[in-house]
Structures are given as C-alpha cells and as structure tokens.
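Since the structure comes first, as structure tokens, the remarks are kept for the end.
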Amino acid sequence: MAIILYARKSVERENSISCETQLEHCKSVIKPDERNEKIITFIDNGFSGGNVNRAGFQKMMRLIRKDKVSKVIVYKLDRISRSLLDFVNILQEFKAHKVEFVSSQESFDTSSPYGELIVKILMVFAEFERTSAINRVTQAYAHRSEMGFYMGGRQPYGFELVPTVIHNIKTKKLNPIPSEIDQIRYIFEVYAKENVSLRRLLNILVTENKKPLNGSDWSTAKISTLLKNPIYVKADSDIYDYYDRHGVQMVNDISMFTGEYGARLYGRTKHKPDNLDWSDMKLVLLTHTGIVDSDIWLKCQRKLEKNKRITNSYSNQTSWLAGKIICEKCGHTMTTIKGKINKEGKMRRYFNCTGKSHKKICTGPELSIYAEDLEDMIYDCISEKLSELKGTNSTKTKGNTVEINDLKLKIKAIEKSEKQLMDTILTGAFNSDLLILANQKATQLKKDRLDLYERIKELKSKGTEADNIINFGDLWKNADYNRKKAVAMIMIHKIIISENNSVKIIWNI
Ligand SMILES: [Zn+2]
C-alpha cells in the first residue's frame, strides 16, 4: 500500500505556493508509523482546479482504483478540486477504495468522526451546487428562459392558451381574459376580508349574479382550488418564502421573484388537502403577469389553512427543526402549530409540547416558543458550529458573533426605551413642547436602532469571507428550507426546551 502526496499549481495564480513547498507541507503530516510506507508524489503544474482533466490527478485515480493506496495527502483541500460537486464525488471514490484523505492546512481527516460529518454536510450542499450550477448557466443565457411555459393541462379560469415561440421552441402561453380576471380579483378581495367564509363568499357571488363566464357554476370546492392557485399571484419574495417554508422545491432563484409574474405549482401530489408536506412539489415562475397582490393572496392562504386546521390540528410540519425539539419536562416531542394572526396580519407558528396537546400530561414551557425565534437562534448556532468544524478563521467569526450578540442586546434596550416613551406619550402626560421633544427622541432612537441593524448586517457578511472550497459560511447562508433541514438532521441530535424556556442543543459531534 502506498501513500500519495498530491500537489497542484495553476497558471493563472502567479504568486501561489509552489508544488515543491506544497509537498513539503504534505510530508510534515506523515505519521511516524507511516515512514516505512511507499510514498508516491503526483504533480500537476499549471492546471486549474476547475475540472479533473489533469494528467497527474488521473494517474493517481487509476492507482486508487486498483486498491493500491491507503492515504492521500494534500496541502489544501482545493488542490483536489475547486468544484464542490467534483470534490464530494472524489471523496466518495476515496471512501469506496478505503483511502484516507488528509489536508495539511485544514483540520480535515476523513478517518475522524469530524471528517465524516463534514463530508455528509458537504454532500447536502454539493447537491445544491448541482442544481444551482444549472440555474446559473441558464441565467447567463437569458433570465427569462428559465421561466416555465404552460405545458399541457387545462388552462386555469381567467386565461386562454395561445401558441407562442420562445427561444425557437414552440410552446403555449397563458393569455388573460379581462372579464374573467376581474371576477378572480373580486373573489380574492372579498375572501381576504375578515369574517368572510368560503360559504359566505359563494352566497355573495350568487346574490350578485357573478356566475363563471364559461357557463358553469361556482362551488366552495371550486373557489377554494382557485384561491390556492399561485397562477394568479404577483409572485414576490414573500411568495418565495411561503413556498420555501412549505418545503416546495424552488425552480427559480429568489431574485427572479420580482412581483410581476404568476407561478405554477406542479409535481406528484402526495400533497393531499390536509397534508402540508409539499416536498415533492416544484414551483416555477411563468411568463404571464400576475393578477393578485401577494399580501392579499397570502391572506387568503392563511384563511384557507386555518379552516384546514379544524380537521387536522397538530401535525403541520412547517419547521425545518421538526422532530428535533423535545420538551424537557415530559420528554415528548414538540411540534409546530399555528397561532393567532398578529397585528401585522402575519400568522406566527409556535412549538407546542405534544405531551400537553395530545396526552394532557404536561403543561409545557412557560412561554410560547415561536418557531421563527427558535429557527433564527439555531440557524446562528449552526453557522458558528460550521465555522468551528472548518478549523479555519473560526476565531474571526467567533469575535463577530460576540459583537453581534452585543449589538442585539443594545437593540433590545432601545426597543424598550421606545416602548416606554410611546406608553408615556399615549397617556397624554406631555404638553405640546414636551411632545415635540419626545418625538425628536423617538426619531433618534429609531435611527440608532436602524444603525445597529446595519452594523449587524455588515458584520454578518464579513464573517463568512473565504476563498476556500469548504466555505460553510456562504453555503449555509444560501441554504433553502430543505437544505437547512438536511443539515440540521446531520448535525443536531436533539434540542431540549426546559420549563423556563431555556434551550439546550445536543450536537451529533
Ligand atoms: Zn411536555
């Protein structure tokens, strides 16, 4: 069995470290008991890491495939490849041939539990690179070409299908029928109002003689299907969040959700009316202009979901932390349920102890655990853990985290002052002169608070810079719902919530 030292230097980077120096570094991590093993070096001088078409690299792989290698040592991980996808595939091949892989600069060793874990996480993101690479290529050609055209199926109410040719492909496009569109807009607007149920909406349409213009009749089922269809919405980032949160696979990048176009939800429907697991579904932007504003459309979805909750109260899997949260008091899992709609018209989800809701044996934590709050907190903890795992620039990121937490506390204090000031103003205790001062003070506080938010944003973006192949910071920052869920599954064993609302994370590492 042999130990391979592999070095690569690309032409484009003049001042990068030479292959000879790389090999010296590799030699320094050979263990004493490995000194008698055969050492073979492979060098690719003047090759980029963008692909694997490198003579030395290919020779090395041939030797590995003959099961003649026990270990590969490199100076840095990106010597193997600059593409995460290639890198993960190569690691898989190393593993299949029982080859250990060590980097002298990063604390990376596949034979350690840490290394194995990192590979698992990298695989989640490599899959991501696979799909986003396809997206990037298409986007480079034409932003719009990524958007779907209406393929088959009956056209939805309000539209007619017209043939069109785009990018030399004959296809069909949805064309709005103005009189039907007016009806649809009216249906959304009425249903978005408080106290209007589907039944009542139906009655309104009947009494106002607003029959479907295609000669059929309305029913609550028909109206409900219509209200759920994203084909009518002007899809913006809120719509992206809504579907992303439900685990739907998003075909387009969030940057394309500009609030102009309608969208289509498609895919195998294991999605039954009372099941919110949409992970088999995909959402693609279409090329027609949407009809309904996203806030009205979302209001309607919240109402429809609320109806559903009566038949299916407690099993909405709408958190990427689902299944990981445990109530310390009774040991039962905590699941997300939907709370009341708050003042801003948003429905907040919170975690509820199933020992409390199903078995009535527990009182659960003292205060509500809001899903967004817990998700944000765990998100930050995972970022920090990932930067530790990488072994590099962790001190810098850690420093940032301390400062960020400090700023968050300052914001909390300002918010408290703002609230106190507001309360005093509302009691009418100030005369008009004092009121002017109070308003000035309020404006100043708000400005301070916004400045602090800016600073946090700045720190967050700084903490994740690195030109390394394993840039967990960037990968995690861009992770969507499904990837967050997958990474949480790998990294976290349990999250325990105590009676007084303290949170304890038990890591898998
Ligand atoms: Zn409990």
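FYI, this note's numbering numbers position 153 of the sequence shown as 502, with every residue one higher than the one before it. Positions of the beta carbon are idealized from the N, C-alpha and C atoms, including for glycine. Since the structure is predicted, the reported quantities are computational estimates derived from the model, not experimental observations.
**Message:** Given this structure, state the Cα-to-Cα distance separating Trp-627 from Asn-563, to the nearest angstrom.
**Reply:** The residue given as residue 627 occupies position 278 in the sequence shown. The residue given as residue 563 occupies position 214 in the sequence shown. Approximately 31 angstroms between the Cα atoms of the pair.
**Prompt:** Quick one: is Asp-629 near chain D, going by C-beta distance under 7 angstroms?
**Reply:** Here chain D cannot be found, since the structure has a single protein chain.
**Prompt:** Does DSSP put Gly-405 in a helix, in a strand, or in coil?
**Reply:** Within the sequence shown, residue 405 is the residue found at index 56, counting from 1. Gly-405 falls in the helix class under three-state DSSP.
**Prompt:** Are the segment 374-394 and the segment 402-412 touching by the rule of at least three beta carbon pairs closer than 8 angstroms?
**Reply:** yes
**Request:** Look at the alpha carbon of Lys-522 and the alpha carbon of Ile-439, and state the distance between them as a whole number of angstroms.
**Result:** Here residue 522 corresponds to residue number 173 of the sequence shown, with the count starting at 1. Here residue 439 corresponds to residue number 90 of the sequence shown, with the count starting at 1. Straight-line Cα distance between these residues: approximately 43 angstroms.
**Message:** Can you look up Val-545 in the DSSP assignment and give me helix, strand or coil?
**Reply:** Position 196 of the sequence shown, counted from the start, is the residue given in the question as residue 545. Here Val-545 sits in coil by DSSP.
**Message:** Rounded to the nearest angstrom, what separates Asp-722 and Glu-715 at their Cα positions?
**Reply:** In the sequence shown, the residue the question calls residue 722 occupies position 373. In the sequence shown, the residue the question calls residue 715 occupies position 366. Going from the Cα of Asp-722 to the Cα of Glu-715 covers about 16 angstroms.
**Message:** I need the DSSP call for Gly-611, collapsed to helix, strand or coil.
**Reply:** Working through the sequence shown from its first residue, we reach residue 611 at position 262. DSSP, read as helix, strand or coil, puts Gly-611 in strand.
**Neighbouring residues (CB closer than 7 angstroms to any heavy atom of ligand 1)** = Cys-676, Lys-678, Cys-679, His-681, Cys-702, Gly-704, Lys-705, Cys-711, Gly-713
**Supposed close pair Trp-856, Lys-734 - CB separation, criterion 8 angstroms** = By 1-based counting over the sequence shown, the position of residue 856 is 507. By 1-based counting over the sequence shown, the position of residue 734 is 385. Contact flag correct, Cβ pair sits at about 7 angstroms.
**Asked** Nearest to Glu-509 by alpha carbon, out of Met-840, Pro-525, Gln-454?
**Response** Residue mapping note: residue 509 aligns to position 160 of the sequence shown, counting from 1. Comparing C-alpha distances from Glu-509 to each of Met-840, Pro-525, Gln-454 shows the shortest one belongs to Pro-525.
**Request:** Between the Cα of Ser-668 and those of Lys-708, Asp-755, Tyr-591, spot the shortest distance and give me the residue it belongs to.
**Result:** Here residue 668 refers to the residue found at position 319 when the sequence shown is read from its first residue. The shortest Cα separation from Ser-668 among Lys-708, Asp-755, Tyr-591 belongs to Tyr-591.
**Item:** Environment of Pro-579 [buried if 16+ CB atoms lie within 10 Å]
**Value:** By one-based count along the sequence shown, residue 579 stands at place 230. With 16 or more other Cβ atoms within 10 Å, it is buried.
**Prompt:** Measuring CB to CB, does Thr-682 end up less than 7 angstroms from Thr-712?
**Reply:** Here the question's residue 682 lines up with position 333 in the sequence shown. Here the question's residue 712 lines up with position 363 in the sequence shown. No, these two residues do not count as a Cβ contact at 7 angstroms.
**Request:** Tell me whether Thr-459 sits in a helix, a strand or coil according to DSSP, three-state version.
**Result:** Residue numbering aside, residue 459 sits at position 110 when the sequence shown is read from its first letter. Of the three classes helix, strand and coil, the one that applies to Thr-459 here is coil, per DSSP.
**Item:** Neighbourhood of Val-360 by C-beta, 7 angstroms cutoff - its chain only, sequence neighbours within 5 removed
**Value:** Position 11 of the sequence shown, counting from 1, holds the residue named residue 360. Closer than 7 angstroms at Cβ, skipping near neighbours: Gly-395.
**Item:** Alpha-carbon spacing of Asn-827 relative to Asn-558, whole angstroms
**Value:** Counting from 1 along the sequence shown, the entry for residue 827 is found at position 478. Counting from 1 along the sequence shown, the entry for residue 558 is found at position 209. The C-alpha of Asn-827 lies about 49 angstroms from the C-alpha of Asn-558.
**Item:** Under 7 angstroms between C-beta atoms of Val-421 and Val-401
**Value:** Position 72 of the sequence shown, counted from the start, is the residue given in the question as residue 421. Position 52 of the sequence shown, counted from the start, is the residue given in the question as residue 401. Cβ distance not < 7 angstroms, so Val-421 and Val-401 don't count as in contact.
**Message:** Just to confirm before moving on: does the CB-CB distance between Tyr-589 and Val-641 stay below 7 angstroms?
**Reply:** On the sequence shown, residue 589 is found 240 positions in, with the first residue counted as 1. On the sequence shown, residue 641 is found 292 positions in, with the first residue counted as 1. No, the pair does not count as a contact, with Cβ atoms beyond the cut-off.
**Item:** Cα-Cα separation, Gly-812 to Ile-533
**Value:** The sequence position of residue 812 within the sequence shown is 463, counting from 1. The sequence position of residue 533 within the sequence shown is 184, counting from 1. Summary for Gly-812: the model assigns pLDDT 47, below 50, so the residue's position carries little reliability; its value from the coordinates is reported in the next sentence. So the alpha carbons of these two residues sit roughly 47 angstroms apart.
**Cβ pair Glu-677, Ile-845 closer than 7 angstroms** = Here residue 677 is taken as the residue at index 328 of the sequence shown, counted from 1. Here residue 845 is taken as the residue at index 496 of the sequence shown, counted from 1. Yes, the pair counts as a contact, with Cβ atoms nearer than the cut-off.
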